[in-house]
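To convert, note that position 135 of the sequence shown is 135 in full-length UniProt numbering; the numbers rise steadily by one, no gaps.
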Amino acid sequence: MKTFNVVIADDHPIVLLGVRELVERDTRFQVVGEAVCSAGLIELLQHPGADIVITDYNMPGDSPYGDGLKLVEYLKRHFPQVQILILTMISNHLILTRLQELGVVGIIQKSQLHTEIQLALKAIAQQSAYRSLEPPKTSVIETLTAIDERFSTLSPKEFEILRLFISGMSVSDIARSQNRSSKTISAQKISAMRKLEVSSDQDLLTYCLARNIFN
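Have a look at this one:
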């Protein structure tokens with residue numbers, strides 16, 4: 001019987017504990033490493049042997065590897081042999097679609113973790129992909145319309161802050177150019193991201209580029 005070595009990553013130790021317990025209910029899978037940040041995950045993967053990575057989509061921190069799409073892209077580029085299972089609370093279909101395009105083997109909603117992680121692992125063992133979160137089957141026109149509707153909820157100030165941020169300016173740069181505090185600019189950026197249903201800078205960039213909003 002083939003066994004699979006699993007590395008898990010989440011910035012909440014209680015989640016790591018729960019995931020380990022769920023994974024090891026199936027004797028085909030053994031957890032060989034745990035990480036609480038992206039840098040820790042990459043360090044574990046530097047040592048050959050991992051077959052599967054189960055990682056939280058959002059792991060805030062200052063790691064050069066980031067989290068979200070940036071981390072997944074790094075993992076796929078540097079560890080192509082490792083299968084990636086994503087745990088997330090997001091439902092933004094643009095982001096879910098991009099994860100599928102990157103080749104993750106599974107996407108699981110955290111609220112369904114206890115009921116679905118073993119189903120996902122079973123699918124992986126059978127060399128199948130698993131999705132508990134499927135992007136809606138919508139046309140390109142419907143998708144672009146939905147993006148436009150979300151952007152229409154932004155205030156003029158929020159829109160301008162995002163435009164400057166996407167152009168390459170940092171929050172501090174924007175604050176200086178607008179003669180406002182970094183705290184104010186950061187709060188408005190966060191508000192805009194919440195309205196767009198994105199949770200990281202990488203996701204924000206992907207979202208904006210999908211519609212060429214600022215071109």
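Virtual Cβ for every residue (Gly too), placed ideally from N, Cα, C.
- Non-local beta-carbon contacts of V32 in its own chain, meaning distances under 7 Å to residues more than five positions away in sequence, involve N5, V6, V7, G49 and A50 in chain order.
- In this structure, G68 lies near N58, with their beta-carbon atoms less than 8 Å apart.
- The DSSP-derived three-state label of Y130 is strand.
- Put simply, the backbone Cα of Q83 is about 15 Å away from that of R28.
- Excluding sequence positions up to five before and after E34, its CB lies within less than 6 Å of the CB of I8 and L16, all in the same chain and listed in chain order.
- With 16 or more other Cβ atoms inside 10 Å of its own Cβ, M193 counts as buried.
- According to DSSP, T55 shares a beta bridge with A9 and I86.
- Listed in chain order, the non-local C-beta contacts of V104 below 6 Å within the same chain comprise I84 and I86, local neighbours out to five positions each way being set aside.
- Counted as a single uninterrupted DSSP element, the alpha helix (DSSP H) harbouring E160 occupies residues P156 to I166.
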